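Residue numbers (the working numbering), protein chains in the order written: chain P, 12 to 340; chain S, 229 to 483. Comments concern the structure below.
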Amino acid sequence: MIKVQELTKRYARTTAVDQISFEVAKGQIVGFLGPNGAGKTTTMRVLTCFLPPSAGTATVAGFDVLEQPLEVKKRIGYLPETPPIYPEMETVDYLMFVGKLKGLSGAELQKRVNYVTERCAVADVKKKLLGKLSKGYRQRVGLAQAIVHNPDVLILDEPTAGLDPKQINETRELIKGLAGDHTIILSTHILPEVEQTCEQVIIINKGRLVATDSVRNLQARARGAESVLIEVGGRNGSLEAAKVQQRLEQVSGVGRVQRKRQVDSRAIFEVESQKGNLVRGDLARAVVESGWDLNELRPAAMSLEEVFLQLTGSESPAATDHAAGKGAQ
Amino acid sequence: MRNTWIICRKELDSYFVSPVAYILLTMFGLIFGFFFWNSLGYFVIAGMEMQMRGQSFPMNLNEQVIRPLLANVSVVGLFFIPMMSMRLFAEEKRTGTIELLATSPVRDLEIIIGKWLAAMLLYCCLLLFTALNFAFLFKYGNPDWKPLAVGYLGLLLQAGALLAIGTFISTLTKNQIIAGAVTFGACLLLWVLAWVSGYETATWARALSYMSVFTHFESFGRGVLDTKDAVFYLTVIFLGLFFTARSMESLRWRF
Numbered sequence: 012m013i014k015v016q017e018l019t020k021r022y023a024r025t026t027a028v029d030q031i032s033f034e035v036a037k038g039q040i041v042g043f044l045g046p047n048g049a050g051k052t053t054t055m056r057v058l059t060c061f062l063p064p065s066a067g068t069a070t071v072a073g074f075d076v077l078e079q080p081l082e083v084k085k086r087i088g089y090l091p092e093t094p095p096i097y098p099e100m101e102t103v104d105y106l107m108f109v110g111k112l113k114g115l116s117g118a119e120l121q122k123r124v125n126y127v128t129e130r131c132a133v134a135d136v137k138k139k140l141l142g143k144l145s146k147g148y149r150q151r152v153g154l155a156q157a158i159v160h161n162p163d164v165l166i167l168d169e170p171t172a173g174l175d176p177k178q179i180n181e182t183r184e185l186i187k188g189l190a191g192d193h194t195i196i197l198s199t200h201i202l203p204e205v206e207q208t209c210e211q212v213i214i215i216n217k218g219r220l221v222a223t224d225s226v227r228n229l230q231a232r233a234r235g236a237e238s239v240l241i242e243v244g245g246r247n248g249s250l251e252a253a254k255v256q257q258r259l260e261q262v263s264g265v266g267r268v269q270r271k272r273q274v275d276s277r278a279i280f281e282v283e284s285q286k287g288n289l290v291r292g293d294l295a296r297a298v299v300e301s302g303w304d305l306n307e308l309r310p311a312a313m314s315l316e317e318v319f320l321q322l323t324g325s326e327s328p329a330a331t332d333h334a335a336g337k338g339a340q
Numbered sequence: 229m230r231n232t233w234i235i236c237r238k239e240l241d242s243y244f245v246s247p248v249a250y251i252l253l254t255m256f257g258l259i260f261g262f263f264f265w266n267s268l269g270y271f272v273i274a275g276m277e278m279q280m281r282g283q284s285f286p287m288n289l290n291e292q293v294i295r296p297l298l299a300n301v302s303v304v305g306l307f308f309i310p311m312m313s314m315r316l317f318a319e320e321k322r323t324g325t326i327e328l329l330a331t332s333p334v335r336d337l338e339i340i341i342g343k344w345l346a347a348m349l350l351y352c353c354l355l356l357f358t359a360l361n362f363a364f365l366f367k368y369g370n371p372d373w374k375p376l377a378v379g380y381l382g383l384l385l386q387a388g389a390l391l392a393i394g395t396f397i398s399t400l401t402k403n404q405i406i407a408g409a410v411t412f413g414a415c416l417l418l419w420v421l422a423w424v425s426g427y428e429t430a431t432w433a434r435a436l437s438y439m440s441v442f443t444h445f446e447s448f449g450r451g452v453l454d455t456k457d458a459v460f461y462l463t464v465i466f467l468g469l470f471f472t473a474r475s476m477e478s479l480r481w482r483f
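Right, dumping it as structure tokens:
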């Protein structure tokens, strides 16, 4: 649905986006992740035909953003970082205006406006001035505005920024609900948001593409292979940890075994498999057959945050925001 | 065409839901009412003096009332036009709604003309006030309507030219006040440029004075439709909107 090739955007002195390439399939919901100033907004503005690219190409639904901007714009719904609302307009008038601007008219227009006011839960402020709405309502009106013409592609720039925890959850649910009908790109610097809402992640840092993959693969990829935590217990109150480690290392496909902790007769190991090997079953069998207890065996999933830090090689982009995001769940 | 009208309607709405339009209309109504009352007062006194002296110079409403009043409207417009055009783009840039317009399937030119047209229509509302006053002249006297119509045409062309300049200036800043002040300065300069011709007759002076927006109004005020002057105004309108379009385009490259 969206295809970006070698996209570069230079400003007078700086290069905001540097040769980024990625593709988004129809119906996918993609998280656009990066620290502040990484080039997220710039990329989105190129996709929405607001900014022309300096080099490279971007196509939406097969239309080039430079060659056929009007065709692209018809198929895109865009929510900029601050919702583009006119404070002196009433909600419903505003949505009607945007609907008309996007090419709707007559009964269709009325129908869509009614639909999006219900869908985005802004029906109770239909007749209120936009300038008097709370931040949460403004954001929802912004979303309603973006989907009013039922676009193929939705581009949302930090849709949950500045909302309170309850509103963040509501907005995320709303966005999840919209997937399927629309292909969605949403930018954020809040990591849990991506883990919760997106299937696919595109990570950029300082204008460069760092990684693009599904959330799960990305977590695995950063590790290189499967990684499990295994807790082994001795039957008669004692356990020779070195022996256990030796035994685990003998299991085929196991790369590295690391002893994490030992308390009395229980020891926890972290086992990394070699690339492409699934070793959990073999590990369990080896432990049990050697006469030890298998207390626990679970994948040591890496949080996306670790992946992110590993990939961008920097401090957490927005530690405080992240904390706020976590607190919201 | 449809898009232009959508934008224009939205602009008109925001003039009229905010106090802007009403304040402009009220102030203009007061000012013009005062001019009208004054000018009629002079006319009546002059008429009475004529009678007392037994002279019978022809008294002419068109020449003695309507023509100076139209010139007044043209000058008062200088103060009101910046207030109408200053918010057109500056406000959209400030609130970020320009992103909505620029990412909607609408051409830049449709946006620009829509906005300019809305300002023109607001100016027409101002002119309605003058028409209301002039209507009394037609009830109690018998002025010729043709020079008046030509005068109105001139006012519209002149306002169109100044509004086009104002629209352009509004794209250059996020700040309404700056846009308004610069537009006012530009309008004032374009007015006083004509003064050069008073003491200098070299080509450059004639060129400068030709550029004055207000010298071209004289013929319209007299009720003479001079193609040369109409072409001048149309050229300024075209150039103003053309530069607005260029400026909007460069906005995208600089944003």
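By construction, the Cβ of each residue, glycine as well, lies at the ideal position given by its N, Cα and C atoms. What you are looking at is a predicted structure, and each value in this text was computed from that prediction instead of being measured.
I think Val243 (chain P) touches Leu305 (chain P), with their Cβ atoms under 8 Å apart; what is that distance to the nearest whole Å?
Reading the first sequence from its first residue, position 232 is the one you call residue 243 (chain P). Reading the first sequence from its first residue, position 294 is the one you call residue 305 (chain P). 7 Å between Cβ atoms; contact.
Straight-line gap, Ser327 (chain P) to Ile201 (chain P) (C-alpha atoms, nearest Å)
By one-based count along the first sequence, residue 327 (chain P) stands at place 316. By one-based count along the first sequence, residue 201 (chain P) stands at place 190. At Ser327 (chain P), the pLDDT of 43 sits below 50, so the modelled position is not reliable and the matter cannot be decided from this model.
Are there 16 or more other CB atoms within 10 angstroms of the CB of Ala330 (chain P), so buried, or fewer, so exposed?
Indexing the first sequence from 1 puts residue 330 (chain P) at position 319. Any answer about Ala330 (chain P) is weak, because its pLDDT of 39 lies below 50 and its placement is not dependable; what the coordinates show is given next. With fewer than 16 Cβ atoms within 10 Å of its Cβ, Ala330 (chain P) is classed as exposed.
Quick check: is the beta carbon of Ala318 (chain S) nearer than 8 Å to any beta carbon in chain P?
Counting from one through the second sequence, the residue named residue 318 (chain S) turns up at place 90. No, its Cβ sits nowhere closer than 8 Å to a Cβ of chain P.
Given a limit of 7 Å on CB to CB distance, which residues of the region 65-84 of chain P reach chain S?
Leu81 and Lys84
In terms of residues, what are the limits of the beta strand (DSSP E) holding Asn288 (chain S)?
On the second sequence, position 60 is the one that residue 288 (chain S) refers to. From DSSP, Asn288 (chain S) is part of no beta strand (DSSP E); its letter is neither H nor E.
Leaving out five residues before and five after Phe264 (chain S) in sequence, what residues of the same chain have Cβ atoms less than 7 Å from its Cβ?
Counted from its first residue, the second sequence places residue 264 (chain S) at position 36. Leu297 and Asn361.
Closest by CA to Leu469 (chain S), which one among S:Gly394, S:Gln279 and S:Leu365?
Position 241 of the second sequence, counting from 1, holds the residue named residue 469 (chain S). The shortest Cα separation from Leu469 (chain S) among S:Gly394, S:Gln279 and S:Leu365 belongs to S:Gly394.
Name, please, each residue of chain P whose Cβ falls closer than 9 Å to the Cβ of Thr399 (chain S).
Working through the second sequence from its first residue, we reach residue 399 (chain S) at position 171. Within 9 Å Cβ-Cβ: nothing; Thr399 (chain S) doesn't reach chain P, min ~15 Å.
Listed by chain order, chain S residues near Ile87 (chain P) by CB distance under 8 Å:
What you label residue 87 (chain P) is simply residue 76 of the first sequence in a count that begins at 1. Those are Thr331, listed as they occur along chain S.
Please determine whether the Cβ atom of Ala389 (chain S) lies at a distance below 7 Å from any heavy atom of the ligand PLP.
Questions concerning the ligand PLP fall outside what the structure shown contains, since it holds no ligand whatsoever.
Alpha helix (DSSP H) containing Leu383 (chain S): first to last residue?
Taking the first residue of the second sequence as 1, we reach residue 383 (chain S) at position 155. Looking at the DSSP string, the run of the alpha helix (DSSP H) that includes Leu383 (chain S) is Trp373 to Ser398.
How close, in whole Å, do the beta carbons of Gly451 (chain S) and Leu390 (chain S) come, if the pair is a contact with beta carbons under 8 Å?
For the purposes of this step, residue 451 (chain S) is taken as the residue at position 223 of the second sequence. For the purposes of this step, residue 390 (chain S) is taken as the residue at position 162 of the second sequence. Gly451 (chain S) to Leu390 (chain S), Cβ: 22 Å. No contact.
Closer than 8 Å to chain S by CB, Asp29 (chain P)
Numbered from its first residue, the first sequence carries residue 29 (chain P) at position 18. So no, Asp29 (chain P) is outside the interface.
Any beta carbon from chain P within less than 8 Å of Lys238 (chain S)'s own beta carbon?
Locating residue 238 (chain S) in the second sequence gives position 10, counting from the first residue. So yes, Lys238 (chain S) belongs to the interface.
So is Met229 (chain S) buried or exposed if we call it buried at 16+ other beta carbons inside 10 Å?
Here residue 229 (chain S) corresponds to residue number 1 of the second sequence, with the count starting at 1. With fewer than 16 Cβ atoms within 10 Å of its Cβ, Met229 (chain S) is classed as exposed.
In the DSSP assignment, find the unbroken alpha helix (DSSP H) run with Thr411 (chain S) in it and report its ends.
Locating residue 411 (chain S) in the second sequence gives position 183, counting from the first residue. It spans Gln404 to Val420 - the alpha helix (DSSP H) in which Thr411 (chain S) sits, taken as one unbroken run.
Establish whether the CB of Thr171 (chain P) and some CB of chain S are separated by less than 8 Å.
Reading the first sequence from its first residue, position 160 is the one you call residue 171 (chain P). No, no contact with chain S.
Please list, in chain order, the chain S residues whose beta carbon lies closer than 7 Å to that of Thr59 (chain P).
Taking the first residue of the first sequence as 1, we reach residue 59 (chain P) at position 48. Chain S residues near Thr59 (chain P): Thr331.
Please confirm whether Arg480 (chain S) has its beta-carbon closer than 8 Å to some beta-carbon of chain B.
No chain B appears in the structure shown, which is made up of the protein chains P and S.
Please identify the residue among P:Gly248, P:Val221, P:Arg267 and P:Gln285 whose C-alpha is closest to the C-alpha of Leu320 (chain P).
Taking the first residue of the first sequence as position 1, residue 320 (chain P) is located at position 309. The shortest C-alpha separation from Leu320 (chain P) is found at P:Val221.
Would Val464 (chain S) pass as an interface residue toward chain P - the criterion being a Cβ-Cβ separation below 8 Å?
What you label residue 464 (chain S) is simply residue 236 of the second sequence in a count that begins at 1. Not closer than 8 Å to any Cβ of chain P, the Cβ of Val464 (chain S) fails to qualify, so no.
CB contact check: Glu119 (chain P) to chain S, cutoff 8 Å:
The count along the first sequence starts at 1 and reaches residue 119 (chain P) at position 108. Cβ-Cβ to chain S under 8 Å: no for Glu119 (chain P).
Which value, in whole angstroms, describes the spacing of the CA atoms of Ile341 (chain S) and Thr429 (chain S)?
Sequence index remark: in the second sequence, residue 341 (chain S) carries index 113 (1-based). Sequence index remark: in the second sequence, residue 429 (chain S) carries index 201 (1-based). When rounded, the distance between both Cα atoms is 38 Å.
With distances taken Cα to Cα, identify the nearest neighbour of Glu327 (chain S) among P:Arg21, P:Pro46, P:Leu174 and P:Thr52.
Walking along the second sequence from the start, residue 327 (chain S) turns up at place 99. Among P:Arg21, P:Pro46, P:Leu174 and P:Thr52, the Cα nearest to that of Glu327 (chain S) is on P:Thr52.
Got a sec, what are the start and stop residues for the beta strand (DSSP E) Phe33 (chain P) sits in?
Taking the first sequence and counting its residues from 1, one reaches residue 33 (chain P) at position 22. Unbroken beta strand (DSSP E) run through Phe33 (chain P): Thr26 to Val35.
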